[in-house]
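Residue numbers (the working numbering): 219 to 612.
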Amino acid sequence: MKTMWKRRSGALVLAGSIALVAGGCGKKAEEKGGEAAGEKAAEPATPATLDPAALRAKAKALFGTPPAVYENKENPQSEAKVALGRTLFFDPRLSKDDTISCNSCHKLENFGVDGEPTSKGVGGGRGDRNSPTVLFSAGHFRQFWDGRAVDVEEQAKGPVLNPVEMAMPDAGAVEAKLQAIPGYVTMFKAAFPQAGDNAVTFDNMAKAIASFERTLNPPAPFDAWLGGKDDAMGEDAVAGLQAFVDTGCTTCHNGPLFGARIYQKLGLVEPWPSTEDIGREKETGKAEDKFFFKVPSLRNIAKTGPYFHDGKTADLAAAVKLMAKHQLGKELDDGQTGKLVAFLGALTSEIPAGFADAPERPADGPVPANPAPEAAPAPAAAPEGAAPTPPTGG
Ligand code: HEC
Ligand code: HEC
């Protein structure tokens with residue numbers, strides 16, 4: 219079995235013909251898993267019986283548990299920064315006409331997505347890619363479907379200035395707008411104490427939003443199961459995990475996020491049905507990057523449809539079948555697919571109380587940057603544990 223790894227733009231990419239069997243790049247981890255369980259090292263691709271202890275050991279080696287917060291030394295977490303980031307995330311005033319917030323497309327009350335194939339921005343325009351979830355996105359090795367931003371700090375600057383998203387003209391205009399809101403000046407100073415009177419910057423806006431995003435990692439039943447709680451996953455889900463490993467999904471979807479560690483070609487074995495979006499080639503200009511996308515995380519996948527970069531696949535079972543066929547050259551029957559879907563359901567986070575609450579937003583200043591009749595006080599934030607409030611950004 220020939221597994222070749224190549225460096226591509228600083229990221230490991232599986233090259234050419236990969237081993238399309240159970241394990242793949244997880245081969246080494248699998249062996250470790252076997253040892254840890256004190257089991258025999260090699261197992262048939264499709265074991266007749268399911269050994270939960272061996273499966274758990276293997277899963278620990280292949281996946282693991284994500285941290286509660288993805289720290290970034292260059293942007294250290296603080297309570298004040300996260301609070302500012304949360305407030306900005308929900309504030310439609312980061313958009314040109316005060317209608318669109320980050321939460322409009324990445325609704326925290328809906329697992330960080332809007333559930334649409336593509337999303338409406340300022341003026342009703344739509345981009346050509348599906349909005350991925352912001353949950354766990356801070357843990358991705360790169361941001362966006364094509365990985366064009368390095369981290370959530372860099373990513374957060376994109377949508378604010380993107381003409382079909384929030385459509386602010388430039389960084390200076392964002393800074394002027396925030397500077398005119400006295401409550402934000404206070405919050406920025408608290409979040410960036412070293413900056414003194416220069417705390418309100420476009421960079422610091424992005425850092426605060428990113429700090430907030432770095433906390434959006436609520437664990438799922440799978441994590442409890444991995445930690446030893448046998449009944450955290452149902453029988454079907456456990457069988458589905460075995461199928462996920464045996465089918466070879468782990469070749470690409472591995473690590474604590476079940477992906478988000480490498481780029482891979484969409485349509486690796488059989489050409490993908492739609493070829494409009496050339497993926498990373500658009501970014502790098504290299505033909506060898508054609509149809510390469512970031513292998514996405516599968517956390518919360520049962521809640522974040524419609525699927526794929528174009529949002530054209532509504533149903534998770536259909537998405538799973540497409541993956542098996544085009545990435546692995548395998549036809550799955552409904553029974554196998556059902557198990558895989560049951561397992562993917564165990565990756566749905568248990569959302570803590572208050573997770574999606576929109577904070578009170580600072581009132582407009584005496585000289586609003588936008589002369590809209592927005593002087594009325596903002597509605598109070600919902601009490602802890604209350605039903606999620608609708609986003610302020612629509
Ligand atoms: C109009 C809808 C819209 C708005 C508003 C919006 N986004 Fe997004 N977001 C998207 C889309 C679409 C993508 C994927 C684009 C791509 O990959 O080319 C994306 C990607 C992301 C990603 C990368 C996730 C991943 O899996 O790679 C993050 C993080 C993110 N957005 C955060 C934000 C933040 C923070 C804001 C507010 C400053 C915001 N978004 C505003 C639509 C939106
Ligand atoms: C060779 C690598 C590879 C293998 C093997 C693979 N995938 Fe994927 N998977 C990807 C890539 C790349 C994407 C992103 C596709 C895109 O850009 O639309 C993806 C996307 C997905 C999505 C949609 C994610 C979203 O947010 O819309 C699901 C669901 C999925 N894979 C499940 C699976 C399952 C289940 C298996 C095993 C049957 C599997 N994948 C095998 C590379 C792979």
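Cβ atoms here follow ideal geometry from the backbone N, Cα and C, with glycine treated the same way.
Contact set for Gly401: own chain, Cβ-Cβ below 7 Å, skip 5 residues either direction:
Numbered from its first residue, the sequence shown carries residue 401 at position 183. Once the five neighbours on either side are set aside, the close Cβ partners of Gly401 are Pro580, Ala581.
Just tell me which of Gly497, Gly473, Leu475, Leu558 has its CA closest to the CA of Gln482.
The residue labelled residue 482 in the question sits at position 264 within the sequence shown. Taking only the C-alpha atoms, the option nearest Gln482 is Gly497.
Since I believe Val370 is in contact with Ser349 (beta carbons under 8 Å), could you give me their beta-carbon distance rounded to a whole number of angstroms?
Reading the sequence shown from its first residue, position 131 is the one you call residue 349. Reading the sequence shown from its first residue, position 152 is the one you call residue 370. About 15 Å; that fails the 8 Å criterion.
Residue range of the unbroken beta strand (DSSP E) whose run includes Gln482:
On the sequence shown, position 264 is the one that residue 482 refers to. It spans 481-483 - the beta strand (DSSP E) in which Gln482 sits, taken as one unbroken run.
Per DSSP, cross-strand counterpart(s) of Gln554
As a first step, residue 554 must be located in the sequence shown, where it is residue number 336. Gln554 pairs with nothing; no bridge assigned.
To test your reading of the DSSP string, which unbroken alpha helix (DSSP H) runs of 4 or more residues are found completely within the segment 349-429?
Listed in chain order, they are 370-373, 375-379, 389-397, 400-409.
Whole-angstrom distance between Met423 and Gly565, CA atom to CA atom:
Here residue 565 corresponds to residue number 347 of the sequence shown, with the count starting at 1. Here residue 423 corresponds to residue number 205 of the sequence shown, with the count starting at 1. Per the sequence shown, the amino acid found at residue 565 is Leu instead of Gly. Distance from the CA of Leu565 to the CA of Met423, rounded to the nearest whole angstrom, comes to 31 Å.
From the DSSP output, in three-state form, read off Lys521 for me.
The residue you call residue 521 lines up with position 303 of the sequence shown. Looking at Lys521 - three-state DSSP - the assignment turns out to be helix.
Ala413 to Lys299, Cα distance in whole Å?
Taking the sequence shown and counting its residues from 1, one reaches residue 413 at position 195. Taking the sequence shown and counting its residues from 1, one reaches residue 299 at position 81. Ala413 and Lys299: Cα-Cα distance of roughly 13 Å.
At a cut-off of 7 Å, would you count Leu486 as near ligand 2, judging by its Cβ distance to the nearest heavy atom?
Taking the first residue of the sequence shown as 1, we reach residue 486 at position 268. Yes, since a heavy atom of ligand 2 falls inside the 7 Å radius drawn around the Cβ of Leu486.
Other residues of its chain near Lys407: CB distance less than 6 Å, five sequence neighbours each side excluded
What you label residue 407 is simply residue 189 of the sequence shown in a count that begins at 1. In the same chain as Lys407, and ignoring 5 residues on each side of it, the C-beta atoms closer than 6 Å to its own belong to Ala417, in chain order.
Starting from the N-terminal side, write out each stretch of the alpha helix (DSSP H) that is 4 residues or longer and does not extend beyond the segment 300-340.
Along the length of the segment 300-340, whole alpha helix (DSSP H) runs at least 4 residues long occupy 320-323, reported in chain order.
Which residues in the same chain have their Cβ closer than 6 Å to the Cβ of Asp507, if we skip the five residues on either side of it in sequence?
Taking the sequence shown and counting its residues from 1, the one referred to as residue 507 is at position 289. Hits under 6 Å: Arg498, Glu499.
Please confirm whether any heavy atom of ligand 2 lies closer than 7 Å to the CB of Thr676.
Residue 676 cannot be examined here, being either before or after the span of the chain that is shown, 219 to 612.
How far does the beta strand (DSSP E) with Lys512 in it extend, from its first residue to its last?
Position 294 of the sequence shown, counted from the start, is the residue given in the question as residue 512. Residues 510-512.
Ordered along the chain, which non-local residues of its own chain (more than five positions away) have a Cβ less than 6 Å from that of Gln397?
Indexing the sequence shown from 1 puts residue 397 at position 179. Excluding sequence neighbours, Gln397 sits near Val418.
If you run the structure through DSSP and keep just helix, strand and coil, what is Gly452?
Within the sequence shown, numbered from 1, the residue matching residue 452 stands at position 234. Of the three classes helix, strand and coil, the one that applies to Gly452 here is coil, per DSSP.
Separation of Ala356 from Asn435, as counted between CA atoms:
In the sequence shown, the residue the question calls residue 435 occupies position 217. In the sequence shown, the residue the question calls residue 356 occupies position 138. Distance between the alpha carbons of Asn435 and Ala356: 9 Å.
Apply the 10 Å Cβ neighbour rule to Gly365 and answer buried if 16 or more other Cβ atoms are within range, or exposed otherwise.
Here residue 365 corresponds to residue number 147 of the sequence shown, with the count starting at 1. Of the residues assessed, Gly365 falls on the buried side of the cut-off, its CB having 16 or more other CB atoms within 10 angstroms.
For Thr465, which of helix, strand or coil comes out of DSSP?
Reading the sequence shown from its first residue, position 247 is the one you call residue 465. Thr465 sits in a helix when the DSSP states are folded into three classes.
Is there at least one non-hydrogen atom of ligand 2 closer than 7 Å to the beta-carbon of Phe430?
As a first step, residue 430 must be located in the sequence shown, where it is residue number 212. No, since every heavy atom of ligand 2 falls outside the 7 Å radius drawn around the Cβ of Phe430.
Spatially closest choice to Glu297 from Ala409, Leu459, Val368, Asp346, by CA coordinates:
Taking the first residue of the sequence shown as 1, we reach residue 297 at position 79. Here the closest residue by C-alpha is Ala409.
Skipping 5 residues on each side, what residues in its chain have a beta carbon closer than 7 Å to that of Ser227?
Mapped onto the sequence shown, residue 227 falls at position 9. Model confidence at Ser227 stands at a pLDDT of 40, short of 50, so the residue's coordinates are unreliable; what they give is reported in the following sentence. So the list reads Thr502, once near-sequence residues are dropped.
On the premise that Phe281 lies in contact with Asn518, defined as a C-beta separation below 8 Å, what is that separation, rounded to the nearest angstrom?
Translated into positions along the sequence shown, residue 518 becomes position 300. Translated into positions along the sequence shown, residue 281 becomes position 63. Not quite, the Cβ-Cβ distance comes to about 15 Å (not below 8 Å), so this is no contact.
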